[in-house]
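Have a look at the structure below before the remarks.
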Amino acid sequence: MAENLKTIIIGLGNPILCDDSVGPKAARLIRERLNNDVSPERGCVSVSEVYAGGIRLLDKISGYDRAIIIDSIVTGEAPGTVYRLTPESLPQTRNCGSSHDMTFPMALSMGKMLGMSLPSDIQIWAIEAKDVNSFGEELSGEVEGALPNVINDVLTTIKRLSV
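As numbered in this note's numbering, residues 349 to 511 make up the sequence shown, in order.
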């Protein structure tokens, strides 16, 4: 049996910007499912909703062995498309949401240079968004449709990595 590594699942996004809220919604649903789970690996998993990326995300993942991040992404592909990424494979973004922040890969690099205790395993599930600019708490149909599979994949990954 593999050792139970400390894992954090982060739902990243803005809860009031339509499809950008998919990360926090996923985190809430995963937390509900895990709260009903009595398996031994449950004690090694934390779930958090995070509303800011870049350098501020480092504090949340610091001290964990593994981080799983769920977020929306805009690449121009079909809304609802699901991507499994690593920080190294993240597409270059045109902006960070703030001129006072940096991209996640840049933040990771800085954290490593500063000697932060960062996870050696970082996995990112990104769902192609249809609308990340409109205020609202509802997901588009395409993103809503992709969410159950992402949640199941994340939970399956946790169980697989814990046995």
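Even glycine gets a Cβ: it sits at the ideal position worked out from N, Cα and C.
Every value quoted in this text rests on a predicted model; they were computed, and no experiment measured them.
query, result
"Which residue comes first and which comes last in the beta strand (DSSP E) that contains Ile421?", "414 to 421"
"What is the DSSP secondary structure of Ile313, counted as helix, strand or coil?", "What is shown of the chain runs 349 to 511, which leaves residue 313 out entirely."
"If you count every other CB in all the chains shown that lies within 10 Å of the CB of Ala426, and 16 or more means buried, which is it?", "exposed"
"Mind checking who Tyr399 pairs with in its DSSP beta bridge?", "Partner(s): none; Tyr399 has no beta bridge."
"With distances taken from CA atoms, which of Gly489, Ala455, Ile475, Leu495 is nearest Lys408?", "Ala455"
"Does Val394 come out as helix, strand or coil in the three-state DSSP assignment?", "In the sequence as displayed, the identity of residue 394 is Ser instead of Val. Three-state DSSP puts Ser394 in a strand."
"Determine the DSSP secondary structure at Ala375, reduced to helix, strand or coil.", "helix"
"Would you mind reading off the limits of the beta strand (DSSP E) that contains Leu433?", "430 to 433"
"Are there 16 or more other CB atoms within 10 angstroms of the CB of Arg414, so buried, or fewer, so exposed?", "buried"
"Round the Cβ separation of Val398 and Leu433 to the nearest angstrom and send it over; I've been treating them as touching at under 8 angstroms.", "Incorrect: roughly 17 angstroms between the Cβ atoms, too far for contact."
"Is it true that the CB of Gly428 sits closer than 8 angstroms to the CB of Gly493?", "yes"
"Asp501 by DSSP, collapsed to three states: which one?", "helix"
"How many whole angstroms separate the CB atoms of Ala474 and Ile421, which I take to be in contact at a CB cut-off of 8 angstroms?", "4 angstroms"
"Quick check on Gly463: does DSSP put it in helix, strand or coil?", "coil"
"Which of helix, strand or coil does DSSP assign to Asp479?", "coil"
"Measuring CA to CA, which of Ser457, Phe452, Leu377 is closest to Leu503?", "Leu377"
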